Amino acid sequence: MYDIIIIGGGPAGLTAAVYARRAEKTALVLEALAAGGQIIKTPLIENYPAAPAISGVDFAEKLLRQAKDLGAEIVYEKAVDIKDGKTFTVVTPKNEYSAKAVIIATGSESRKLGLENEDELIGRGVSYCATCDGGFFRKKTVAVVGGGNTALEDALYLSEVAEKVYLIHRREGFRADETSVARLRAKGNVEFVLNSRVTKLVAEKRLQSIEITDNGGAVRDIPVNGLFVAVGRVPENRNFAKLIKLDEAGYAVAAENCHTERAGVFVAGDNRQKEVRQLVTAAADGAVAATEAVKYINSL
Ligand code: NAP
-4 MYDIIIIGGG
6 PAGLTAAVYA
16 RRAEKTALVL
26 EALAAGGQII
36 KTPLIENYPA
46 APAISGVDFA
56 EKLLRQAKDL
66 GAEIVYEKAV
76 DIKDGKTFTV
86 VTPKNEYSAK
96 AVIIATGSES
106 RKLGLENEDE
116 LIGRGVSYCA
126 TCDGGFFRKK
136 TVAVVGGGNT
146 ALEDALYLSE
156 VAEKVYLIHR
166 REGFRADETS
176 VARLRAKGNV
186 EFVLNSRVTK
196 LVAEKRLQSI
206 EITDNGGAVR
216 DIPVNGLFVA
226 VGRVPENRNF
236 AKLIKLDEAG
246 YAVAAENCHT
256 ERAGVFVAGD
266 NRQKEVRQLV
276 TAAADGAVAA
286 TEAVKYINSL
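Yeah, the sequence shown ends on 295 if you go by the numbering used here, and it's all consecutive.
Quick look at the structure:
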């Protein structure tokens, strides 16, 4: 029996582990893929306080080391269910783990465009991670789709690797911050294709070109070797929907104190309903959720 099981080893989950251990509670972190979560896909973090330039991988490694050094246990298994009882049992495909409190810090996964052959072309021209796969497109032509910070930063990164980058966005204005937009506009090998959507992936074994339809209905083909999809994220709360309340978009409903309606179950990070989803707010959630979980356990 652990004091706290933390589901998800991203910035929110690992920060929760640090706080749990500093409060002398036992803590198990269950991570489905790689510790660090989404942040390991970010080439350079420039907006975390007192760390003006650190790579996502370095950030994740330091945070993981900090949590482990404090005595948190990390197990690489995906939590698929939480059984509710006097205590909680977190179920993975291999094991069951019990705890007095649970923090759900599962973050989010990449949203897909929903095009016909999108899934089959993953690894054959279609990617959701520029820093992971960008190296395969050295001196090639790629497109990035999206208008948020991820898309703009991906396009900026790819402009250093690929020969030509198209940035395709469905409207004129960007969600991304002005700095990223201005930096990308200054690049000689980046072409903005605005008010346009990707409507078809043309492939023969690998991606060959993308069909673009502009908001006026005009259709054209752009030959590309790679397409990087960066159209936002979908919260990963599905497995816990019977235990916690989700909003229409699938985010866990929990206030700034990270409490869910079920006492002893807390939610932290990008899968929580909130206004600002940033590295710093994910870490803040982790601290709050663990502190609240400790209070809950001490009150039992
Ligand atoms: P995001 O900000 O939600 O942006 C998603 C973009 O994709 C939007 O421009 C949206 O268009 C577009 N989009 C959504 N669905 C689409 C579809 N079906 N087809 C075509 N386009 C579609 O997502 P994000 O860029 O992944 O960023 C997520 C959060 O992380 C944000 O809060 C962001 O600021 C943060 N982030 C921060 C940094 C940083 O600070 N360095 C880096 C990366 C991410 P519309 O604008 O028209 O809706």
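Just so you know, even glycine gets a beta-carbon here, dropped at the ideal spot from N, CA and C.
Being a predicted model, the structure only gives us computed values, none of them experimental.
Does the beta carbon of residue i fall short of 7 Å from some heavy atom of the ligand NAP?
i, result
"N42", "yes"
"T82", "no"
"G142", "yes"
"Q273", "yes"
"E173", "no"
"L108", "yes"
"V226", "yes"
"E231", "no"
"T194", "no"
"R180", "no"
"R16", "no"
"T126", "no"
"T145", "yes"
"G166", "Here residue 166 is Arg; the residue named in the question, Gly, does not match the sequence. R166: yes, Cβ under 7 Å from the ligand NAP."
"R267", "no"
"E113", "no"
"E148", "yes"
"R170", "yes"
Here's the rule: buried if 16 or more other CB atoms are within 10 angstroms of the residue's CB, otherwise exposed. What is residue i?
i, result
"G51", "buried"
"L295", "exposed"
"D265", "buried"
"Y71", "exposed"
"K95", "buried"
"T145", "buried"
"A177", "exposed"
"T10", "buried"
"P230", "buried"
"V354", "The question about residue 354 has no answer here: the residues shown for the chain are numbered -4 through 295."
"G130", "exposed"
"V75", "exposed"
Under a three-way DSSP split, which group does residue i fall into?
i, result
"S191", "strand"
"Y43", "strand"
"A96", "strand"
"I239", "coil"
"S105", "strand"
"F132", "helix"
"P6", "helix"
"S175", "helix"
"E60", "For the record, residue 60 in the displayed sequence is Arg; it is not Glu. Residue state, collapsed to three classes: helix."
"G221", "strand"
"K290", "helix"
"E148", "helix"
"L274", "helix"
"D265", "coil"
"D(-2)", "strand"
"R201", "strand"
For residue i, which residues in the same chain have their Cβ closer than 8 Å to its Cβ, ignoring the five residues on either side in sequence?
i, result
"A18", "A285, T286 and V289"
"R347", "Because residue 347 is not part of the residues shown, which for the chain are -4 to 295, the question remains open."
"L202", "L116, R119, G120, V121, L196, V219, N220, G221 and L222"
"I239", "I99, N232, A247, V248, A249, T255, E256, R257, V260 and V262"
"V214", "T194, E206, I207 and T208"
"P44", "V275"
"E111", "K195 and L196"
"N42", "Q273, L274 and V275"
In the DSSP output, which residue or residues are listed as bridge partners for residue i?
i, result
"A27", "Paired residue(s): none; A27 is not in a bridge."
"S154", "S154 is not bridged to any residue."
"I207", "V193 and R215"
"E68", "L23"
"P230", "S103"
"D79", "F83"
"S122", "F223"
"E115", "According to DSSP, E115 bridges with nothing at all."
"L162", "V139 and F187"
"E251", "E251 is not bridged to any residue."
Short of 6 Å in beta carbon distance, which residues of its chain neighbour residue i, apart from the five on each side in sequence? Order them along the chain.
i, result
"K182", "S154"
"N210", "N190"
"I292", "D(-2), K95 and A96"
"I49", "I40"
"G142", "H164, F169 and R170"
"R192", "R165 and T208"
Skipping 5 residues on each side, what residues in its chain have a beta carbon closer than 7 Å to that of residue i?
i, result
"A29", "I35"
"L241", "N232, A247 and V248"
"A55", "A30, G31, I34 and I35"
"C124", "K36"
"E113", "K107, V121 and L196"
"A277", "G5, P6, A7, G264 and D265"
"D280", "A7, C253, A263, G264 and R267"
If you measure from the CB of residue i, is any heavy atom of the ligand FAD nearer than 7 Å?
i, result
"T37", "Here the bound small molecules are the ligand NAP; the ligand FAD is not part of this structure."
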